[in-house]
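Participant: For the sequence shown, full-length UniProt numbering assigns the number 1 to the initial residue and increments by one for each residue that follows.
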Amino acid sequence: MPAGVGAFFIKETDSTNCLAASEAAAGRAGPDWFIAGHQTAGKGRRGNVWDGATGNLYSSLLWRPALKPADLSALPYITALAVRDTIVSFGVDSARVTCKWPNDLLLDEKKVTGILIESSVKQSGMLDYVIIGIGVNLTFHPETAFGATDLFEATGVMVSVADFHAKLAASMTDRINAWNVDDFATTAAEWSGCAWGLGERREFRLSDRTEVGTLIGLADDGGLKVQLDEGAEIRLYAGDVFPVTEK
């Protein structure tokens, strides 16, 4: 593990994000990783809950940065790049690994990683803590609406949870240490360079509507810039992106 970073391996828990949050509430200073062999109620976006059996990576990093919530706009993208670094380090061609907005990684255009970032804020307005949840399909994959894969199926490479996490922890530390919160443009450019669908028409499914347009890149506040077919440019902060469904 990187110097000053702790790691706790748990045989089973409901959710590593929930475990990290309970440890934060109890006063744990971090940074600390929590890795579970089995999750019985893993947390996803929009309150989704799923069971994660043994063989894949279920992990959460508890971190207490001296930052404001607004400073975290780059963190999902930094995290995605760190996971991508890790996958590529096991011999996977980088061209096969793309970042799918807002918080997934694809391997051969199928979901291989999900990221969920949660935070708590002090009364002062500063962050109390951040929890970075990362799940990676190493040996099997659940079926998803988008389509999924795992590292073993896609590459034939069998990677243990311990080996993958060791490299991921190092990559996350490197990325966080190199992060300049005042220079989002650098992160945006790197993420955009490996973004799925950049410069192409995509379908954006939002909570109240569906839009079709061209994915332009990231705005300076972390939003996704989209040029709608009708011509207007919008920014998205939540939703999902899919191939265009032709009618």
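Note that beta-carbon positions come from the ideal geometry of N, C-alpha and C, so glycine has one too.
#1: Taking 8 Å as the cut-off, does the segment 155-173 touch the segment 23-35 (at least 3 CB pairs, one atom from each stretch)?
#2: How close, in whole Å, do the beta carbons of V212 and D229 come, if the pair is a contact with beta carbons under 8 Å?
#3: How long is the line joining the alpha carbons of F152 and K100, rounded to whole angstroms?
#4: If I measure Cβ to Cβ from G199 and keep anything under 8 Å in the same chain, skipping five residues before and after, which residues do I get?
#5: For the alpha helix (DSSP H) that T173 lies in, which residues bound it at each end?
#6: Just tell me which of G114, V161, V130, G125 has its CA closest to the CA of A148.
#7: Just to confirm, are G135 and Y58 a CB contact at a threshold of 8 Å?
#8: What do you reckon, are the CB atoms on I117 and W179 nearer than 8 Å?
#9: Measuring only the C-alpha atoms, how far is F184 from K68?
#10: Does DSSP put residue 276 in a helix, a strand or coil?
#11: Which stretch, first to last residue, makes up the alpha helix (DSSP H) that contains T79?
#12: Look at W196 and L106 and say whether their C-beta atoms are less than 8 Å apart.
#13: Reducing DSSP to helix, strand and coil, say where E143 ends up.
#14: At the level of alpha carbons, what is the spacing between D93 and T245?
#15: Is L19 close to the ligand PLP? I mean its beta-carbon at under 7 Å from any heavy atom of the ligand.
#16: Relative to the C-alpha of D208, which residue among A238, A162, A219, D220 is closest?
#17: Which residue marks the beginning of the beta strand (DSSP E) containing G7, and which one marks its end?
#18: Identify whether S207 lies in helix, strand or coil by the three-state DSSP scheme.
#19: So, residue 253 versus L138, is the Cβ gap smaller than 8 Å?
#20: What number of angstroms, rounded off, separates the C-alpha of H181 from the C-alpha of A74?
#21: Under a Cβ-count criterion, where at least 16 other Cβ atoms within 10 Å of its own Cβ denotes burial, should Q123 be classed as buried or exposed?
Facilitator: On the basis of the data shown:
#1: Result yes; three or more Cβ-Cβ pairs closer than 8 Å.
#2: One-based indexing of the sequence shown puts residue 212 at position 212. One-based indexing of the sequence shown puts residue 229 at position 229. V212 to D229, Cβ: 5 Å. Contact.
#3: Within the sequence shown, the letter at position 152 stands for residue 152. Within the sequence shown, the letter at position 100 stands for residue 100. If you take the alpha carbons of F152 and K100, they lie about 20 Å apart.
#4: As a first step, residue 199 must be located in the sequence shown, where it is residue number 199. These residues qualify, in order along the chain: T214, L215, I216.
#5: Start at 1 with the first residue of the sequence shown, and residue 173 comes out as number 173. From DSSP, the alpha helix (DSSP H) with T173 extends over 161-178.
#6: In the sequence shown, residue 148 corresponds to position 148, counting from 1. For the residues G114, V161, V130, G125, the minimum Cα distance to A148 belongs to G114.
#7: Position 135 of the sequence shown holds residue 135. Position 58 of the sequence shown holds residue 58. Yes, Cβ-Cβ distance for G135 and Y58 is below 8 Å.
#8: Stepping through the sequence shown from its first residue, residue 117 is reached at position 117. Stepping through the sequence shown from its first residue, residue 179 is reached at position 179. No, the pair does not count as a contact, with Cβ atoms beyond the cut-off.
#9: Start at 1 with the first residue of the sequence shown, and residue 184 comes out as number 184. Start at 1 with the first residue of the sequence shown, and residue 68 comes out as number 68. So the two alpha carbons sit approximately 15 Å from each other.
#10: The shown model of the chain, from 1 to 247, leaves out residue 276, and the question about it has no answer.
#11: Translated into positions along the sequence shown, residue 79 becomes position 79. Note, T79: alpha helix (DSSP H), 75-89.
#12: Position 196 of the sequence shown, counted from the first residue, corresponds to residue 196. Position 106 of the sequence shown, counted from the first residue, corresponds to residue 106. A contact, by the Cβ cut-off of 8 Å.
#13: In the sequence shown, the residue the question calls residue 143 occupies position 143. Looking at E143 - three-state DSSP - the assignment turns out to be coil, as it is neither helix nor strand.
#14: Residue 93 sits at position 93 when you count from the first residue of the sequence shown. Residue 245 sits at position 245 when you count from the first residue of the sequence shown. Approximately 29 Å between the Cα atoms of the pair.
#15: The ligand PLP is not part of this structure, which contains no ligands at all.
#16: Mapped onto the sequence shown, residue 208 falls at position 208. Looking at the Cα atoms, A238 is the closest of the given residues.
#17: Numbered from its first residue, the sequence shown carries residue 7 at position 7. Looking at the sequence itself, residue 7 is Ala, so the reference to Gly does not match. That run of the beta strand (DSSP E) goes 6-13.
#18: For this step, residue 207 is matched to residue 207 along the sequence shown. Judged by DSSP in its simplified three-state form, S207 adopts coil rather than helix or strand.
#19: The structure shown does not extend to residue 253, since the chain is modelled only from 1 to 247, so the question has no answer here.
#20: Taking the sequence shown and counting its residues from 1, one reaches residue 181 at position 181. Taking the sequence shown and counting its residues from 1, one reaches residue 74 at position 74. In the sequence under discussion, the amino acid at residue 181 is Val, which differs from the His named in the question. Computed Cα separation, rounded: 8 Å.
#21: Here residue 123 corresponds to residue number 123 of the sequence shown, with the count starting at 1. Q123 is exposed by the Cβ-count criterion.
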